[in-house]
Amino acid sequence: MVSNNDYQIGSIVKMKKPHPCEKRSYEFEVVRLGADIKIKCLGCGNVLMLPRNDFNSKVKEILKK
Ligand SMILES: [Zn+2]
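Residue numbering for the sequence shown follows the numbering used here, beginning at 723 and increasing consecutively.
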């Protein structure tokens with residue numbers, strides 16, 4: 723599990739599960755930080771919002787800090 727200090731806006735992360743879109747991308751860009759995190763799928767460009775704790779447990783790897 724990553725911690726809040728491991729990423730910032732603009733970071734690229736690899737998730738444990740792919741986005742269920744056509745591209746099935748594992749890679750997302752962090753676009754907003756707060757109690758909820760917004761991440762953009764690098765496959766389809768859709769933005770998702772999820773609670774920070776949820777996000778932290780779903781990240782597999784920080785690709786670009
Ligand atoms: Zn997608």
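Cβ atoms here follow ideal geometry from the backbone N, Cα and C, with glycine treated the same way.
Check: For PHE750, which residues does DSSP report across the bridge?
Finding: Per DSSP, VAL735, CYS763.
Check: Quick one: is the Cβ of GLY850 within less than 7 angstroms of any heavy atom of ligand 1?
Finding: Any property of residue 850 remains undetermined from this structure, which presents the chain solely from 723 to 787.
Check: Measuring from the CB of SER733, is there a heavy atom of ligand 1 at a distance below 7 angstroms?
Finding: no
Next item on the list: Answer yes or no: the CB of LYS739 versus the heavy atoms of ligand 1, is any distance below 7 angstroms?
Entry: In this structure, LYS739 has its CB at a distance of at least 7 angstroms from all heavy atoms of ligand 1.
Next item on the list: Report buried or exposed for CYS743, applying the criterion of at least 16 other Cβ atoms within 10 angstroms of its Cβ.
Entry: exposed
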